[in-house]
Amino acid sequence: MRPVEGTILTVSRETAEEALRICREVQEFEDFLERLIGKAEQSLENTPNLLPILKEAGVVDSGGMGFVYVLRGMLQGLKGNKIEIVEDLEEKKELQLHKEELKYLYCTEILVKTNKKYSEALFKERFKNFGDSLVVVAEDDLLKVHVHTNNPGLVLEEGVKIGELIKVKIDNMKLQHETIIGENKKPKKKYGILVVATGEGVKEIFENLGCDVIVDGGQTMNPSTNEILQGIEKINAEYIFVFPNNKNIVMACEQAKKLTDKKVKVISTRNFNEAVTAILALDLEKEFDENVRIIEEVLKNVKTIEVTFAVRESKVNGFDIKEGDVLGFIDEKLELVGKDYNEVAEKLIAKAISPDTSLITIYYGKDVTRERAEGLRNLISKDVEVEIHYGGQPLYYYVISIE
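What follows is the structure, given as structure tokens:
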């Protein structure tokens, strides 16, 4: 093994060397383990001197620290001591990484099935000139090789000479390194936004509005609490607004909020058009509480029309519904059943608008053409401004916002 010095491999190797050195002179296993922990801690403290990136960040190797904690846990268990579980960890400052040049670009791993009965040392000889961080493990008829190299093809060729390739994994470490540096460089902003959305056009609209994270989900496809939590954790902002865009997703968003230390406000939007209106009302210069008040106020003035289809026969709100009928909803209440989605949409708009209506925004779904959406526009009163956007949402011919 030729590890990059300053990692868990260094700490474990030096601890193992200490174990071999003292095993015959220490009689009690408890004393033996305590001395190993002392050596491991000493090795851990030295990792920043071996790996410049650790020294620059002012930290020790995390893997090495984990190894030390494992040994400490073993000792406490041996002594019969109760171990306290620490749930809340102090958040450390972000690492200031520098763009160092990588000597080898590719982290390459292969698993080979072989009938060659070489020792690990002989196998290592065959791979040692391909790069560094070489680890070779031979067990029965399987050989696993890990190496950082500029020529992964040579590693694969050597593996084929030895036997049959079972598994191959190649990662570009330069790209991974640049991604980490790029993410670390992003300054913390005041407001971040996470939305739950489905539909090609809808997602593009949210991207153009500057949303930080778009979690895939919607009607019949609810994301998990963990997916929402992961999205929240990706956002580097003082305050984060979360828009579920479906009443069935609100609970998962609220649960994710409880699981993060970040300042999160869940706005209980029932559909994506409400989130669009709310985000447009967000004022980056105003304080958080004022923005919450503004968003809640503008959402009071939004009516949502949904035009979809029936998947089975039923009876709702006095309507006898047949499979395939067009269903029209205003604010989630079934108001109309028909055969043509443009006719249903037109009648719903006429019912929903008022003298105060200033804007109608039509988002047409993946099963509607632009021409049909334009046809709907032509049916609407010329006294109101009408916008048309491709939403691409499944299941719904139209989602229409009345403001």
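Residue numbers (our numbering): 4 to 406.
The C-beta atom is built at its ideal place from N, Cα and C for all residues, glycine as well.
C-beta atoms of residue i and residue j nearer than 8 Å
i           : j           : result
residue 393 : residue 348 : no
residue 201 : residue 215 : no
residue 198 : residue 248 : yes
residue 126 : residue 157 : no
residue 115 : residue 165 : yes
residue 153 : residue 109 : yes
residue 173 : residue 308 : no
residue 236 : residue 263 : yes
residue 47  : residue 14  : yes
residue 135 : residue 107 : yes
residue 161 : residue 129 : yes
residue 266 : residue 242 : yes
residue 342 : residue 329 : yes
residue 40  : residue 62  : no
residue 177 : residue 285 : no
residue 57  : residue 9   : yes
Closest Cα partner of residue i within the set the options
i           : options            : result
residue 311 : 290, 344, 285      : 344
residue 149 : 159, 164, 141, 113 : 113
residue 253 : 265, 271, 356      : 271
residue 22  : 161, 278, 74, 145  : 74
residue 223 : 354, 389, 398, 111 : 398
residue 212 : 168, 261, 278, 362 : 278
residue 42  : 20, 54, 56         : 20
residue 169 : 155, 117, 341      : 117
residue 364 : 225, 46, 162, 208  : 208
residue 346 : 257, 382, 318, 373 : 382
residue 193 : 240, 11, 66, 176   : 240
residue 320 : 227, 297, 387, 336 : 336
residue 225 : 261, 296, 255      : 255
residue 302 : 280, 318, 386      : 280
residue 167 : 387, 56, 177, 119  : 119
residue 155 : 379, 351, 171      : 171
residue 238 : 190, 28, 203       : 190
residue 360 : 141, 290, 234, 384 : 384
residue 386 : 122, 356, 234      : 356
residue 340 : 323, 30, 85        : 323
residue 354 : 374, 17, 403, 51   : 403
Buried or exposed (CB count within 10 angstroms, at least 16 for buried), residue i
i           : result
residue 3   : Beyond the ends of the chain as shown, which are 4 and 406, falls residue 3; an answer cannot be given.
residue 274 : buried
residue 64  : buried
residue 32  : exposed
residue 99  : Any answer about residue 99 is weak, because its pLDDT of 49 lies below 50 and its placement is not dependable; what the coordinates show is given next. So residue 99 counts as exposed.
residue 306 : buried
residue 111 : buried
residue 294 : buried
residue 124 : exposed
residue 390 : exposed
residue 163 : exposed
residue 358 : exposed
residue 372 : exposed
residue 76  : exposed
residue 221 : buried
residue 376 : buried
residue 175 : exposed
residue 259 : buried
Integer Cβ distance of residue i from residue j, believed to fall under 8 Å
i           : j           : result
residue 366 : residue 205 : 7 Å
residue 196 : residue 282 : 6 Å
residue 78  : residue 37  : 6 Å
residue 331 : residue 368 : The pair is not a contact, with the Cβ atoms about 14 Å apart (cut-off 8 Å).
residue 325 : residue 338 : 17 Å between Cβ atoms; not a contact.
residue 11  : residue 67  : 5 Å
residue 269 : residue 257 : 6 Å
residue 351 : residue 388 : About 18 Å; that fails the 8 Å criterion.
Beta-bridge pairing of residue i - partner residues as DSSP gives them
i           : result
residue 312 : 329
residue 18  : DSSP, once it has assigned bridges, lists no residue as partnering residue 18.
residue 389 : 363
residue 112 : 149, 172
residue 307 : 404
residue 141 : 146
residue 8   : BP columns for residue 8 are empty, so no partner.
residue 167 : 116
8 Å Cβ cutoff, residue i in contact with chain B
i           : result
residue 139 : Absent here is chain B; the protein component of the structure consists of one chain.
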